[in-house]
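Residue numbers (the numbering used here): 1 to 176.
Note that beta-carbon positions come from the ideal geometry of N, C-alpha and C, so glycine has one too.
Computed from a predicted model, the values in this text were never measured in an experiment.
Scroll down for the structure; my scribbles are underneath it.
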């Protein structure tokens, strides 16, 4: 059942492009052609950006919402996630199972680009592979990726760097 994980994520990113100011995110195109999105490294980001980030991670196959949760009589912010495609959305896309390291750069990679690169043993277990003309990835990191990092990721996905879009946020940020 080809679901088009990367195409779904690209459509979500197009919505983010239209709402950059509102979401308090920033994007730019690197010299190598990759479009990179800052959801909380230098850009402020926020809770709404975090909701979009989570839906991009799930390749649009899940819905994410905020709610109040009671723990020991105290109200805490909570996150609800639901999907009709848990293996594909969570293991095939959202799971940060790709360690991306190049020189002094490190990030954990998630998002639908993983289903195209499919170099993790997990993809054999869940029998998932995707071919895509363009890929979307999410990087859990405190630094924006360099051209060299983008070129490395694009090569692993078998696409040109200008066909790659990456969203970056630290896990400690509001969006992350």
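- Query: Secondary structure at residue 21, three-state DSSP: helix, strand or coil?
  - Reply: Note: residue 21 maps to helix in three-state DSSP.
- Task: Label residue 121 either buried or exposed according to how many other C-beta atoms from any shown protein chain fall within 10 Å of its C-beta, with 16 as the threshold for buried.
- Result: exposed
- Task: Can you tell me which of 22, 62, 5, 38 puts its alpha carbon nearest to the alpha carbon of residue 171?
- Result: 38
- Is DSSP giving residue 30 helix, strand or coil here? coil
- Should the region 67-76 be called in touch with the region 34-52, which here means at least 3 C-beta pairs below 8 Å? Cβ pair count under 8 Å is below three, so no.
- Query: CB of residue 159 to nearest heavy atom of the ligand MG: below 7 Å?
  - Reply: Although the ligand MG was asked about, the structure shown includes no ligands whatsoever.
- Item | Same chain only: Cβ atoms within 7 Å of residue 95, ignoring 5 sequence neighbours per side | 110
- Per DSSP, residue 146 is paired with what? Paired residue(s): none; residue 146 is not in a bridge.
- So does the region 19-26 actually touch the region 47-57, counting three or more Cβ pairs closer than 8 Å? yes
- Own chain partners of residue 147 with C-beta closer than 7 Å, once the 5 adjacent residues on each side are dropped: Correct list, in chain order: 30, 31, 32.
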